[in-house]
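Visitor:
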Amino acid sequence: PNASILQIDDGISSKVEEEQKILAAISQNTSISEENLYDEKEKLKMEVMELIHDIDKISTREEISALKKLVGPIKPTLHAIRLQQSRDLQHSMGASSKVHHNKNIKQQRRLFKTKKKTKKETVGLSNPGTEEIN
């Protein structure tokens, strides 16, 4: 069992490195040619097929929980990236006619107040004691 956990950890570290490379490529806004994109998609499909075959070999609940933890955020992450891309596209289409060409202004998403509100101490009313009545 310990050997399989080590294999999962090695797989996790390599996946983390791959994710960092992918995020770096996305953040640089490098355009990928259609042919290169197709090749990348095919490689990714092959890796997913290998994972599907590895799922059949799972023998412990720890492996299942580790796999669920890794696979769970995939769909929401892809959805968020697609939303961001569509917003950027809409923003660039609408903003280009309103903003001068020499301005590089991004609209602020939202302002959140970070200062905590202090609560005023309230003195509660109480019934008068026997000393106060006399």
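One point on numbering: in the UniProt record's numbering, the residue at position 81 of the sequence shown is 81, and numbering is uninterrupted.
Just so it is clear, CB atoms sit at the ideal spot from N, CA and C, and this is done for glycine as well.
Keep in mind that this is a model prediction, so the values were computed, not measured.
#1: If you run the structure through DSSP and keep just helix, strand and coil, what is Asp88?
#2: Spatial neighbours of Ile64 within its chain, please: C-beta separation below 7 Å, excluding the five flanking residues on both sides.
#3: Grab the span of the alpha helix (DSSP H) containing Asp56 for me, first residue to last.
#4: Throw me the rounded Cβ distance for the Leu70 and Lys15 pair, which I believe falls under 8 Å.
#5: Could you tell me which of Leu67, Glu34 and Asn36 sits nearest to Val48, measuring between CA atoms?
#6: Along the chain, where does the alpha helix (DSSP H) containing Glu132 start, and where does it finish?
#7: Considering Cα atoms alone, identify which of Lys45, Arg109 and Thr77 is closest to Glu19.
#8: Any idea what DSSP makes of Thr77, helix, strand or coil?
#9: Is Lys21 helix, strand or coil by DSSP?
Guide: The answer reads as follows:
#1: In this structure, Asp88 counts as helix in the three-state DSSP scheme.
#2: So the list reads Ile58, once near-sequence residues are dropped.
#3: For Asp56, there is no enclosing alpha helix (DSSP H), as DSSP marks it with neither H nor E.
#4: With a beta-carbon spacing of about 7 Å, Leu70 and Lys15 fall inside the 8 Å limit used to define contacts.
#5: Looking at the Cα atoms, Leu67 is the closest of the given residues.
#6: Judged by DSSP secondary structure, Glu132 falls within the alpha helix (DSSP H) whose first and last residues are Thr130 to Ile133.
#7: Answer by Cα proximity: Thr77.
#8: Helix, per DSSP.
#9: Assignment of Lys21 by DSSP, reduced to helix, strand and coil, places it in the helix class.
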